[in-house]
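To start, the structure itself, in structure tokens.
Numbering (the working numbering), first residue to last: 849 to 1025.
The following block contains the structure:
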């Protein structure tokens, strides 16, 4: 049993009950992050944050999970720009309302936005749905990506010691714009 994975192994981590507390200590690219599951949050959602964070690190070594920015929304994963205040990369995990995505897209037109899904096999269909529901502002200059982590992500990308070995090259990605 792994201390980094709160007594679970990579193979059993998703069996953690939704109502039970869970804290994992994950590492990737020489960085580490401690994530605690909130009441009612699934282990899938918690681990999506870690996986997306690990993917963002090569491009944004300062990326953080759940950073409080004093904004209406709190990002699951974020990297701040040179000013140390404005997001240049914003990641959301799981189900996200189109109204939230539209707000983020217009508030941060120069920030790359990534929405991570677990085991979503048809990102093109989801992208088409979002294109119909979102009116992305013409002033947007950054990508808007949909990212699918496969159902076997923990087997493939997580060690029992909490190390994440994953990159965007390992995943299905569809650009919304």
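A virtual CB, placed ideally from N, CA and C, is assigned to each residue, including glycine.
N- and C-terminal bounds of the alpha helix (DSSP H) containing residue i
| i | result |
| --- | --- |
| residue 1005 | 1001-1005 |
| residue 951 | 946-955 |
| residue 875 | Per DSSP, residue 875 belongs to no alpha helix (DSSP H); it is in the beta strand (DSSP E), 871-876. |
| residue 972 | 971-981 |
For residue i: DSSP bridge partner residues
| i | result |
| --- | --- |
| residue 940 | 963 |
| residue 926 | 912, 938 |
| residue 996 | 965, 1020 |
Beta-carbon proximity of residue i to residue j, cut-off 9 Å
| i | j | result |
| --- | --- | --- |
| residue 1002 | residue 859 | yes |
| residue 946 | residue 982 | yes |
| residue 873 | residue 852 | yes |
| residue 997 | residue 962 | no |
| residue 1004 | residue 1017 | no |
| residue 829 | residue 971 | Since the displayed the chain opens at 849 and closes at 1025, residue 829 lies outside it and no answer follows. |
| residue 937 | residue 952 | no |
Simplified DSSP state of residue i, which is helix, strand or coil
| i | result |
| --- | --- |
| residue 900 | helix |
| residue 894 | helix |
| residue 1012 | strand |
| residue 919 | coil |
| residue 984 | coil |
| residue 863 | helix |
The beta strand (DSSP E) enclosing residue i, as first and last residue numbers
| i | result |
| --- | --- |
| residue 883 | 879-884 |
> Is the number of C-beta pairs between the segment 864-873 and the segment 953-960 that are closer than 8 Å three or more?
Replying inline: no
> Three or more beta-carbon pairs under 8 Å between the segment 925-936 and the segment 886-904, yes or no?
Replying inline: Result yes; three or more Cβ-Cβ pairs closer than 8 Å.
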